[in-house]
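Following: one structure in C-alpha cells, then a few remarks.
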Amino acid sequence: MNNHKKKRIRAYVGCILSLFMLFSIIPLKEGTAKASDSNESRKKIVAYFTEWSVYGGHNNYKISDVPWDKVTHINYAFATIKNNKIALFDEWAATGIDFGDGWDSPYKGNLGQIK
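Here the sequence shown stands for residues 1 to 115, numbered as in full-length UniProt numbering.
This is the structure we're talking about:
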C-alpha cells in the first residue's frame, strides 16, 4: 500500500470517528434535555445559620427567624471532629436549648426546630 492511500484511509477513519463522537453527545430526545435543563436552572437561595446565633451576643437569632418562604436551602454551621467522628460544635445550641416546645419534647435546640 502506498503512502498516499494510507493517508486517505486515515482521513476517512478520522472523519468517521469524529462523526461518532459528535453524535454521541447529541441527546436522542429533545424533551429529555429540556427537562434536565429546567432542573439545573432553578435558583437556590441558601441561608447561612450558625449555632451560636441563638445567644444574646448574636441577637438571639433563632431558626424560626429564618425567612423560610424565601430560602430553599440552609447551610448549618458548625460541626467538629472528636475522636475521629463528626460531632456538633455547640451541642447545647444544636440539641439542648428548649425553645418552648416543652421539657418532654424530643425536639430541642436548633436542630429540633428544623422540622
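All residues carry an ideal CB built from backbone N, CA and C; glycine is no exception. A quick note: this is a predicted structure, and the numbers were derived from the prediction, not measured.
Is the beta carbon of residue 63 less than 7 Å from the beta carbon of residue 97?
No; because the gap between Cβ atoms is not below 7 Å, this pair is not in contact.
is_contact[residue 45, chain C] using C-beta, thresh 7 Å
Considering every chain present, this structure includes no chain C. It has just one protein chain.
Less than 8 Å between the CB atoms is what I'm expecting for residue 93 and residue 66, so what's the real figure, rounded?
Between residue 66 and residue 93 the Cβ distance is about 15 Å, and since that is not below 8 Å, they are no contact.
From 69, 50, 52, residue whose alpha carbon lies closest to that of residue 44
69
Determine the DSSP secondary structure at residue 3, reduced to helix, strand or coil.
helix
Residues bridged to residue 76 (per DSSP)
49
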